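2 protein chains.
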Amino acid sequence: MTKPRAVLFDVFGTLVDWRGSIHAGLAAFGAAQGITADWLGITDAWRGAYKPSMNAVRTGALPWTNLDDLHRGALVELLPEFGVRALAAAQIDELVGLWHKLTPWPDSVAGLNALKSQVVVGSLSNGHVALQVALAKHTGFAWDMIFGADIFGHYKPDPQVYLGACKFLGLVPGQVMLVAAHNEDLAAARALGLQTGFIKRPMEFGSPDERARPNQDWEVVADSVLDLAGKL
Amino acid sequence: MTKPRAVLFDVFGTLVDWRGSIHAGLAAFGAAQGITADWLGITDAWRGAYKPSMNAVRTGALPWTNLDDLHRGALVELLPEFGVRALAAAQIDELVGLWHKLTPWPDSVAGLNALKSQVVVGSLSNGHVALQVALAKHTGFAWDMIFGADIFGHYKPDPQVYLGACKFLGLVPGQVMLVAAHNEDLAAARALGLQTGFIKRPMEFGSPDERARPNQDWEVVADSVLDLAGKL
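First to last, the protein sequences are chains C and V.
Under our numbering, residue 287 is the last one in the first sequence; the count climbs by one each step, no gaps.
Under our numbering, residue 287 is the last one in the second sequence; the count climbs by one each step, no gaps.
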């Protein structure tokens, strides 16, 4: 392994606890509105719609649609399945906005700061620029560069995202490392020549399972962003 | 004036002293290489080639070409005019890289930090992403978002740049302010509905002249980024 010049991060699950944050946000909304529901079930169903909805864009069944609009469409569809009455548009917008205010894992901010003194540190997320800018303000992620999916008009794992980011940075793929808590994201990056770093996030889906274990010999496997920074 | 949600900055001349930095860098190179030349004249001629070379891209005479490559082409052309012998490719690259290491005006870093607590602070420069990422590392500019010309495939004052940045931020033009030391940049932004802020940089071209004075009633006119932050 040669030391990368830039380290790009997946965000949802890798740097932020989307499940805990969305569940807490939905439950707080329900309490404020007097709506009782299986908010954790809704959280998991909402995230469950994430890949199918992006795949509809990736296959061309949908034109380019950003994550706010995919989240909105999925939520409107699944709420009745959970017995929640129709919400006003402003309420749906409020809930979609929860994805702009996710809570970082405890090591994320300090880890990014530690890396930033050594290399270029950027995001490479399926979130769009506006979502990621808001999320960085909320969390304190001190990005050198935010790569939003809308810059590329593609969602990971489309190659345009990984290769596009390398090109914008003026680097060849071998000079760039993708860091994620997800094997499939890293597999797509490795196939294009990027280096790879796996971060274990056993609590991403609420309890440790197969998804939180590396399934290839990624260049780095770490327990946290701080651990990864130390290993680079 | 309603307070903008995002403030986007021109960079060369507005936040950094390109003339002093490039002159110093060229002179240091000359001293190290034992080359005597009118380095200040070369600095001004190099910058003089900036707009014509971008215009060749803007009119379609050249395909998309980033600023490093425009700088390289211009430098190779003008050095013989100043009696400087042909340089090696690596030397040319070294000099082109001076544009990645420009010195900020004394108020720029503190001013951006002051603004950052209030609004989204981004760059909107004709520099490409790689140049701007390097420049931000060098200067300490703590951008929320870097908008490089290569994201749009257009140079200012093409409208795609201003409107594209607003769209990426999820804002309408009236919610965004462009800040620059250059009237023509602000005029292009205003024509598209953005708010405008003029910063006086009387030393940009070495001595105060007409260009350093506002020629319209821009929403804000300031003596520094800190002054602008105070006025917002």
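Note that beta-carbon positions come from the ideal geometry of N, C-alpha and C, so glycine has one too.
Predicted, not measured: the structure shown is a model, and the values here were computed from it.
Contact between V:R74 and V:V174 is absent: CB atoms are separated by about 29 Å, not below the 8 Å threshold.
The three-state secondary structure of V:L233, taken from DSSP, is strand. Taking the beta carbon of V:D205 as reference, the chain C residues within 9 Å of it are K222, F223, listed in sequence order. Note: V:A61 is bridge-paired with V:V175, V:V231 in the DSSP secondary-structure output. By the CB criterion at 8 Å, V:I254 and V:V280 fall inside the cutoff.
Between C:A204 and C:V216, the C-beta spacing is below 8 Å.
The beta-carbon of C:K192 is placed less than 8 Å from the nearest beta-carbon of chain V. Rounded to the nearest angstrom, the Cβ distance from V:A185 to C:F223 is 7 Å, consistent with a contact under 8 Å. Close to V:V175, with beta-carbon spacing below 8 Å, are these residues of chain C in chain order: V188, K192. By the C-beta criterion, the stretch 113-121 of chain V is judged not to be in contact with the stretch 143-163 of chain V, since fewer than 3 inter-stretch pairs fall below 8 Å.
Within chain C, M200 have C-beta atoms less than 7 Å from the C-beta of V:I201, given in sequence order. Look at the beta carbons and you see the stretch 236-245 of chain V not touching the stretch 137-154 of chain V: under three pairs across the two are nearer than 8 Å. C:K211 has its alpha-carbon roughly 26 Å from the corresponding atom of C:G80.
Under the Cβ distance rule, V:A165 does not count among the residues neighbouring chain C, no pair being separated by less than 8 Å. According to the DSSP assignment, V:Q250 belongs to the beta strand (DSSP E) that extends over 250-254. For C:D278 and C:L63, the gap between their C-alpha atoms comes out near 17 Å.
Classified as buried, C:E259 has 16 or more neighbouring CB atoms from the shown chains inside 10 Å of its CB. Residues of chain C with a Cβ closer than 9 Å to the Cβ of V:V234 do not exist; the shortest Cβ-Cβ separation is about 17 Å.
Beyond the five residues adjoining it in sequence on each side, C:A169 comes within less than 7 Å, by CB distance, of L281, A284 in the same chain, given in chain order. Pairing C:H126 with C:V151 gives a Cβ-Cβ distance under 8 Å.
The beta-carbon of V:V62 is placed no less than 8 Å from the nearest beta-carbon of chain C. C:I90 carries a coil assignment under DSSP once its states are collapsed to helix, strand and coil.
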